[in-house]
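Q:
Written out as structure tokens, the structure reads:
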């Protein structure tokens with residue numbers, strides 16, 4: 001084995017594709033995607049974003065939802081990341097997505113994406129790191145397993161490759177957490 | 186479509202499996218895994234961890250590495266998360282992993298895991314959110330593509346399912362970022 005130094009790069013694998021949805025001052029929905037972020041507590045999530053219509057809306061409403069991009073919606077989920085709601089007024093409508101106002105926070109839930117985290121804004125760190133408090137996870141019944149929980153046999157999140165910029169589906173299961181103990185005793 | 190409210194849960198999909206490696210005061214390596222965290226800037230990474238030998242070491246050395254768990258090492262990568270270095274003194278040796286001291290930070294690079302982020306501690310927020318500054322990404326040449334960058338044709342990170350607690354491999358590619366624009370014009 002011989003190793004190479006690639007320098008300082010944001011090379012975590014996998015990265016999620018988070019679709020952040022907000023309302024503006026007029027109650028108009030907007031959405032954009034982000035791959036930089038993750039869970040940081042049992043009911044907390046963080047993402048890092050520069051200045052966007054989405055961040056303006058979050059600062060105004062103190063709320064947002066994060067839907068998980070899935071394999072059935074790769075194109076609209078990518079699209080919301082390359083077009084600005086400030087420049088394309090009908091951006092959201094072009095996605096084909098529709099919304100329902102969250103019961104828990106002042107933000108829209110995207111009806112077509114099966115898993116959404118409804119969040120209130122907790123804090124903004126360094127001007128770009130937004131921490132949300134997860135108030136509820138809204139899940140379409142079509143992706144629930146027989147135990148009533150999200151099942152990856154039914155829900156197909158996509159994964160972002162930060163090196164090659166591809167989107168991938170989940171592959172085969174290769175293990176189960178907390179089952180390695182006996183193997184290494 | 187009918188939706189169900191699951192309450193406040195840390196349901197981001199996918200989640201990474203980060204193997205955080207540190208030295209203790211005697212220069213002895215330790216490692217544990219974490220799924221809560223993500224990239225929060227072009228050279229910044231965050232993870233959330235309660236009190237562990239790993240967090241003691243990070244507070245002492247102000248440094249750590251994060252190796253990406255891969256399909257070839259599911260068992261040792263799971264094991265470091267279920268056994269405490271405080272209770273099992275030879276925990277690290279049981280994994281079969283070996284280390285080389287990082288050239289960039291005061292922490293060990295695990296030789297057997299092909300991708301490692303070498304980080305200095307930047308900040309700790311709320312007592313459990315550790316932000317690292319990525320100084321270098323160390324990559325085994327075996328996972329580099331012809332363009333000299335990490336290739337997911339050669340590197341097989343695993344993905345944690347926070348609902349079912351399974352580990353998965355990456356599946357088929359379903360899209361490429363920034364290519365949706367024409368589809369929705």
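Protein chains in written order, with my numbering: chain A, 1 to 185; chain B, 186 to 370.
Beta carbons are placed, not taken as given, at the ideal position from N, Cα and C, and that holds for glycine.
(1) What in chain B is Cβ-close to residue 136 of chain A, meaning under 9 Å?
(2) Just to confirm, is the Cβ distance from residue 79 of chain A to residue 366 of chain B under 8 Å?
(3) Quick one: grab the DSSP three-state call for residue 228 of chain B.
(4) Nearest chain A C-beta to residue 365 of chain B closer than 8 Å, yes or no?
(5) In chain order, what are the residue ranges of uninterrupted alpha helix (DSSP H) at least 4 long that sit wholly in the region 24-104 of chain A?
(6) Let me make sure I understand the geometry here. Which of B:205, B:232, B:217 and B:292 has the alpha-carbon closest to that of residue 211 of chain B?
(7) Thinking just about the alpha-carbon of each residue, which of B:332, B:214 and B:303 is nearest to the one in residue 269 of chain B?
(8) Below 9 Å on C-beta distance, what does residue 163 of chain A contact in chain B?
(9) Which of helix, strand or coil does DSSP assign to residue 294 of chain B?
(10) Just mark residue 21 of chain A as buried or exposed, buried being the case when its beta carbon has 16 or more other beta carbons within 10 Å.
(11) Nearest CA to the CA of residue 2 of chain A: which residue from B:300, B:256 and B:262?
(12) Do residue 160 of chain A and residue 170 of chain A have their C-beta atoms closer together than 8 Å?
(13) Excluding five sequence neighbours on each side, which residues of the same chain lie with their C-beta closer than 7 Å to the C-beta of residue 138 of chain A?
(14) To the nearest angstrom, report how far apart residue 267 of chain B and residue 274 of chain B are at their CA atoms.
(15) Under 7 Å Cβ to Cβ from residue 234 of chain B, same chain only, skipping five residues before and after it: list those, please.
(16) Mind checking if residue 355 of chain B is an interface residue toward chain A, Cβ cutoff 8 Å exclusive?
(17) Let me check understanding here. Comparing Cα to Cα, which of B:226, B:317 and B:203 lies closest to residue 243 of chain B?
(18) Taking the straight line between their C-alpha atoms, what separation do you get for residue 6 of chain A and residue 123 of chain A?
(19) Compare the C-alpha of residue 153 of chain A against each of B:335, B:343, B:349 and B:330 and name the closest.
A: In this structure, then:
(1) Translated into the one-based positions of the first chain, residue 136 of chain A becomes position 136. 190, 191, 192, 193 and 194, listed in chain order.
(2) Position 79 of the first chain, counting from 1, holds the residue named residue 79 of chain A. Position 181 of the second chain, counting from 1, holds the residue named residue 366 of chain B. Yes, Cβ-Cβ distance for residue 79 of chain A and residue 366 of chain B is below 8 Å.
(3) To locate residue 228 of chain B, count along the second chain from 1; it is residue 43. Coil.
(4) Residue numbering aside, residue 365 of chain B sits at position 180 when the second chain is read from its first letter. Interface residue, yes.
(5) 53-61, 74-82 and 91-94
(6) Counted from its first residue, the second chain places residue 211 of chain B at position 26. Out of B:205, B:232, B:217 and B:292, B:292 has the C-alpha closest to the C-alpha of residue 211 of chain B.
(7) Taking the first residue of the second chain as position 1, residue 269 of chain B is located at position 84. Considering only alpha carbons, the answer is B:214.
(8) Translated into positions along the first chain, residue 163 of chain A becomes position 163. What residue 163 of chain A touches in chain B: 330, 334, 335, 336, 337 and 340.
(9) For the purposes of this step, residue 294 of chain B is taken as residue 109 along the second chain, with counting starting at 1. DSSP places residue 294 of chain B in strand when its eight states are reduced to three.
(10) As a first step, residue 21 of chain A must be located in the first chain, where it is residue number 21. By the 10 Å Cβ count, residue 21 of chain A comes out buried.
(11) As a position in the first chain, residue 2 of chain A is number 2, starting the count at 1. Closest by alpha carbon: B:300.
(12) The residue labelled residue 160 of chain A in the question sits at position 160 within the first chain. The residue labelled residue 170 of chain A in the question sits at position 170 within the first chain. Contact flag unset, no.
(13) Start at 1 with the first residue of the first chain, and residue 138 of chain A comes out as number 138. Closer than 7 Å at the Cβ level, and outside the excluded window around residue 138 of chain A, lie 109, 116 and 118.
(14) Walking along the second chain from the start, residue 267 of chain B turns up at place 82. Walking along the second chain from the start, residue 274 of chain B turns up at place 89. If you take the alpha carbons of residue 267 of chain B and residue 274 of chain B, they lie about 14 Å apart.
(15) Here residue 234 of chain B is taken as the residue at index 49 of the second chain, counted from 1. Within the same chain, residue 234 of chain B has close Cβ partners 219, 240, 313 and 315.
(16) Within the second chain, numbered from 1, the residue matching residue 355 of chain B stands at position 170. Yes, contact with chain A.
(17) If you number the second chain from 1, residue 243 of chain B lands on position 58. With distances taken between Cα atoms, residue 243 of chain B lies closest to B:317.
(18) Numbered from 1 along the first chain, position 6 holds the residue referred to as residue 6 of chain A. Numbered from 1 along the first chain, position 123 holds the residue referred to as residue 123 of chain A. Those two C-alpha atoms are separated by around 33 Å.
(19) Mapped onto the first chain, residue 153 of chain A falls at position 153. That would be B:349, whose Cα lies nearest to the Cα of residue 153 of chain A.
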